[in-house]
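Protein chains in written order, with the numbering used here: chain Z, 527 to 828; chain X, 527 to 828.
Idealized CB from N, CA, C, for every residue including glycine.
Read the structure below first, then the notes.
There are 2 protein chains.
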Amino acid sequence: MTRVVCLTPNPAIDVTYRVPTLTPGGAHRVADVLERPGGKGVNVARVLHALGVPCVIVAPLGGPAGTWLADALTDAGLAVRAVPVAAPTRRTFTVVDEGGTATAFNEPGRPLTGAEWAAVVDAVNEELAGAEALVVSGSLPAGAPEDLLPRLIAAGVPAVVDTSGPALLAAAGAGPVLLKPNADELSAALPGLSHTDAARRLLALGAERVVVSLGADGLLGLAGGEAWRVAAIPGVTGNPTGAGDATVAALVRGLIDGTSWPDVLADAAALGAAAVLEAAAGDVDLAAYTRFLPTLHAERLE
Amino acid sequence: MTRVVCLTPNPAIDVTYRVPTLTPGGAHRVADVLERPGGKGVNVARVLHALGVPCVIVAPLGGPAGTWLADALTDAGLAVRAVPVAAPTRRTFTVVDEGGTATAFNEPGRPLTGAEWAAVVDAVNEELAGAEALVVSGSLPAGAPEDLLPRLIAAGVPAVVDTSGPALLAAAGAGPVLLKPNADELSAALPGLSHTDAARRLLALGAERVVVSLGADGLLGLAGGEAWRVAAIPGVTGNPTGAGDATVAALVRGLIDGTSWPDVLADAAALGAAAVLEAAAGDVDLAAYTRFLPTLHAERLE
């Protein structure tokens with residue numbers, strides 16, 4: 527039985543090329559090509575799947591790239607509800623050199639038609655029957671309906687949203703159980719405020735809880751009148767892409783399991799750190815997670 | 527009726543991204559994505575098609591990328607004989623900045639099985655029935671049979687070959703009607719010789735004619751005991767990718783039409799220059815070609 531529905535409004539095939547060095551203006555022979563299903567909602571679902579939480583990915587998919595992506599997710603053991611759309615699914619290209627420097631090229635998501643967005647909403651609502659939570663992660667393609675997230679959140683199943691820009695503010699007003707911006711996204715949406723004040727503004731707009739991921743400064747979690755903080759694990763370095771998605775996976779699991787708020791935050795920080803150790807977004811080092819968890823505790827700020 | 531069969535042993539989808547500037551280590555939002563069928567044999571066929579010479583592309587194609595490539599060629603009005611293979615067709619990925627600097631990342635062609643190579647040879651031989659020439663253009667994927675080009679050339683239809691490395695020397699021994707290396711390819715295959723001496727070596731190995739494209743220094747053409755030279759059009763700048771393929775298209779057209787050798791060479795130089803003016807490999811500026819042609823004449827060196 528599906529417990530969590532993971533909507534990925536802007537899925538991608540993440541292509542990674544390894545080259546010895548990146549020389550602008552040069553011609554590079556690529557020794558190693560890695561293609562992997564991507565998009566933040568896909569990464570959240572991968573982590574939930576690794577944690578044993580039954581979930582389904584809902585995503586608009588188009589063209590040969592969309593077919594490839596659906597097949598690759600199914601092959602990885604993930605449940606997928608593909609919503610067929612005309613526009614081909616986008617790619618991201620990342621070039622990694624021998625020193626580990628990553629240079630990313632992100633195609634924009636191609637616009638969907640109004641009827642295609644309506645089909646996405648219908649698919650989410652069908653999959654939500656009997657589910658305990660909805661996760662919406664990632665950007666929206668240009669031209670997405672402004673009321674898309676409010677409508678999905680208002681449908682009644684507790685919604686956890688990790689997005690940015692105007693969509694973040696629009697989501698807050700519809701009463702999600704949790705918003706999870708990172709520090710940059712929060713500052714961009716609500717400039718000129720401290721992280722705590724900006725998070726309070728999201729609560730005032732209607733969010734029940736707000737968690738702000740602060741990278742090396744850990745996590746900040748607000749709920750009701752309380753603010754909590756979890757420090758980061760010292761010395762954890764690696765690939766930060768996907769850490770936020772692992773954090774979201776831990777948060778949604780904690781919420782549907784009824785775990786206490788401080789324990790949910792500590793768990794989310796530990797799983798985020800365990801994701802940093804993995805080269806690919808959507809993977810977590812479960813052994814490291816088990817080591818990290820007892821060392822982390824949420825501290826009440828106010 | 528097909529006059530020319532264009533074998534592309536290593537086809538690709540050429541993906542071009544436009545970005546304002548390329549910053550190593552940065553994350554780039556890609557405003558403009560262009561996907562186009564690529565591979566040198568494909569480019570030759572595009573130019574022959576633009577010249578009104580009926581031709582067919584033979585290429586091993588695999589995966590969703592292979593399907594896309596066959597469909598895109600068909601949509602462009604080109605005849606394609608796709609040989610289905612298991613390995614997905616590769617991509618090349620070029621990032622062009624606002625200053626026009628192109629940074630290229632080329633995936634290697636994935637290996638085919640022996641049975642797949644046999645199917646490629648069978649397809650070429652079937653398409654050659656009634657045709658006047660075979661063109662083989664581009665690199666061979668790793669693991670291609672060493673006797674692939676010799677067997678195709680020895681089949682009897684006049685063969686024009688544009689390749690590099692050991693395959694260039696192997697082709698020479700089988701008696702092709704024409705080899706068309708560029709200066710770098712010729713020097714790499716036969717190091718330490720002048721272009722003329724290296725070209726003579728290819729004649730000695732068995733090639734009937736050799737044309738060396740020298741970029742801004744024009745073309746060098748050897749046949750029998752004669753050596754001819756055509757200067758480049760002064761001041762033509764732009765995209766040199768695809769100029770060699772336009773040159774090959776002009777050479778093969780001239781040979782099957784029975785045009786005199788000096789006129790074939792002048793025509794090839796004019797069409798190559800007209801390709802430099804176009805942003806995409808496989809396109810030629812036919813108006814420029816018409817202007818250039820009367821200004822070019824082959825000069826006999828010996």
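>> Residues in the same chain with beta-carbon distance under 6 angstroms from X:A776, minus the five sequence neighbours each way, listed in chain order, please.
In response: Taken in chain order, the residues that qualify are D793, A794, L797.
>> Checking the sheet assignment: what are the DSSP bridge partners for Z:F631?
In response: The partner list for Z:F631 (beta bridge, DSSP) reads Z:F619, X:H554.
> Is there a Cβ from chain X that is less than 9 angstroms from the Cβ of Z:W643?
Replying inline: Not one chain X Cβ lies under 9 angstroms of Z:W643.
> Going by other Cβ atoms of all chains shown within 10 Å of its Cβ, with 16 needed for buried, is X:P546 buried or exposed?
Replying inline: With fewer than 16 other Cβ atoms within 10 Å, it is exposed.
> Exposed or buried, which one is X:A813 when buried takes at least 16 other CB atoms within 10 Å?
Replying inline: With fewer than 16 other Cβ atoms inside 10 Å of its own Cβ, X:A813 counts as exposed.
> How many angstroms separate the CA atom of Z:A801 from the CA atom of Z:P820?
Replying inline: Those two C-alpha atoms are separated by around 17 angstroms.
> Straight-line CA distance for Z:A605 to Z:E561?
Replying inline: Distance between the alpha carbons of Z:A605 and Z:E561: 19 angstroms.
> In chain Z, what lies closer than 8 angstroms to X:V556 by C-beta?
Replying inline: When 8 angstroms is used as the limit between beta carbons, X:V556 is near these residues of chain Z: F631, N632, E633, P634, in chain order.
>> Do Z:L666 and Z:P535 count as a contact pair if the criterion is CB distance below 9 angstroms?
In response: In this structure, Z:L666 lies closer than 9 angstroms to Z:P535 by Cβ.
> Less than 9 angstroms separating the beta-carbons of X:V662 and X:A628?
Replying inline: Contact check for X:V662 against X:A628 fails: the beta carbons are separated by 9 angstroms or more.
> Secondary structure at X:S713, three-state DSSP: helix, strand or coil?
Replying inline: Here X:S713 sits in helix by DSSP.
>> I need the straight-line Cα distance from X:L533 to X:E672, nearest angstrom please.
In response: Roughly 16 angstroms separates the two Cα atoms.
> Mind listing which residues of the region 649 to 663 of chain Z have their C-beta closer than 7 angstroms to chain X's C-betas, in chain order?
Replying inline: From the region 649 to 663 of chain Z, no residue has a Cβ closer than 7 angstroms to chain X.
> For the candidate residues X:V621, X:T620, X:D789, X:V568, whose alpha-carbon lies nearest to that of X:T600?
Replying inline: With distances taken between Cα atoms, X:T600 lies closest to X:V568.
> Among X:V650, X:A709, X:G744, X:L705, which one has its Cα closest to the Cα of X:E734?
Replying inline: The shortest CA-to-CA distance from X:E734 to any of X:V650, X:A709, X:G744, X:L705 is the one to X:L705.
>> What ranges does the beta strand (DSSP E) occupy inside the region 631 to 659 of chain Z, keeping only unbroken runs of at least 3 residues that lie completely in it?
In response: Runs of the beta strand (DSSP E) spanning 3 or more residues and lying entirely within the region 631 to 659 of chain Z do not occur at all.
> What's the C-alpha gap between Z:A680 and Z:P702?
Replying inline: Approximately 8 angstroms between the Cα atoms of the pair.
> So, do the region 633 to 647 of chain X and the region 633 to 652 of chain Z have three or more beta carbon pairs nearer to each other than 8 angstroms?
Replying inline: They do not touch, by the three-pair rule.
>> Counting beta carbon pairs with one atom in the region 605 to 616 of chain X and one in the region 587 to 597 of chain X, are three or more of them shorter than 8 angstroms?
In response: Yes, the region 587 to 597 of chain X touches the region 605 to 616 of chain X.
> Is there at least one Cβ from chain X nearer than 9 angstroms to Z:T528's Cβ?
Replying inline: Answer no: the Cβ-Cβ gap between Z:T528 and chain X never drops below 9 angstroms.
>> Residues in the same chain with beta-carbon distance under 8 angstroms from X:L548, minus the five sequence neighbours each way, listed in chain order, please.
In response: Excluding residues within five positions, the ones whose Cβ falls inside 8 angstroms are H554, V621, D623, T627, T629.
> Can you name, in chain order, every residue of its own chain whose Cβ lies under 8 angstroms from the Cβ of Z:G770, other than the five neighbours on each side?
Replying inline: Excluding residues up to 5 positions away in sequence, K566, D688, K706, N708, S739, G798 lie with their Cβ nearer than 8 angstroms to the Cβ of Z:G770 in the same chain.
>> Would Z:L791 and Z:A824 qualify as a contact pair, given that the criterion is a beta-carbon distance under 9 angstroms?
In response: Taking 9 angstroms as the cut-off, the Cβ atoms of Z:L791 and Z:A824 count as close.
> Hey, would you say Z:A715 sits closer than 9 angstroms to Z:V736, going by beta carbons?
Replying inline: No, Cβ-Cβ distance for Z:A715 and Z:V736 is not below 9 angstroms.
>> For a minimum of 3 consecutive residues, which ranges assigned as the beta strand (DSSP E) are wholly contained in the region 572 to 601 of chain X?
In response: If we require 3 residues or more, the beta strand (DSSP E) runs fully inside the region 572 to 601 of chain X come out as 581 to 587.
> Under a Cβ-count criterion, where at least 16 other Cβ atoms within 10 Å of its own Cβ denotes burial, should X:G603 be classed as buried or exposed?
Replying inline: Counting the other Cβ atoms within 10 Å of the Cβ of X:G603 gives fewer than 16, which makes it exposed.
> Quick one: which chain X residues come within Cβ less than 7 angstroms of Z:W594?
Replying inline: Per Cβ cutoff of 7 angstroms: P590.
> Ends of the alpha helix (DSSP H) at X:R529?
Replying inline: Element bounds for X:R529: n/a, residue is neither H nor E.
> Closest Cβ-Cβ distance between X:P550 and chain Z: below 9 angstroms?
Replying inline: By this cut-off, X:P550 is an interface position.
>> Against Z:L545, what residues of chain X qualify as contacts under a CB-to-CB distance less than 8 angstroms, listed in chain order?
In response: Note on identity: in this sequence residue 545 of chain Z is Val, with Leu being the wrong assignment. What Z:V545 touches in chain X: F631.
> Nearest to Z:G656 by CA position, among Z:D783, Z:A805, Z:V531, Z:P760, is which residue?
Replying inline: If you compare the alpha carbons of Z:D783, Z:A805, Z:V531, Z:P760 with that of Z:G656, the shortest gap goes to Z:V531.
> Around the Cβ of X:L826, are there at least 16 other Cβ atoms within 10 angstroms (buried) or fewer (exposed)?
Replying inline: Just to set this straight, residue 826 of chain X is Arg in the shown sequence, not Leu. So X:R826 counts as exposed.
>> I want to verify the contact list: residues of chain X whose CB lies under 9 angstroms from the CB of Z:T627, in sequence order.
In response: Those are P550, G551, listed as they occur along chain X.
>> Short of 6 angstroms in beta carbon distance, which residues of its chain neighbour Z:G691, apart from the five on each side in sequence? Order them along the chain.
In response: Nothing meets the Cβ criterion.
> Which partner residues of Z:E752 appear in the DSSP bridge assignment?
Replying inline: According to DSSP, which records beta bridges pairwise, Z:E752 is partnered with Z:A749.
> So, is the C-beta of X:D623 closer than 9 angstroms to a C-beta in chain Z?
Replying inline: Judged by the 9 angstroms Cβ criterion, X:D623 is in contact with chain Z.
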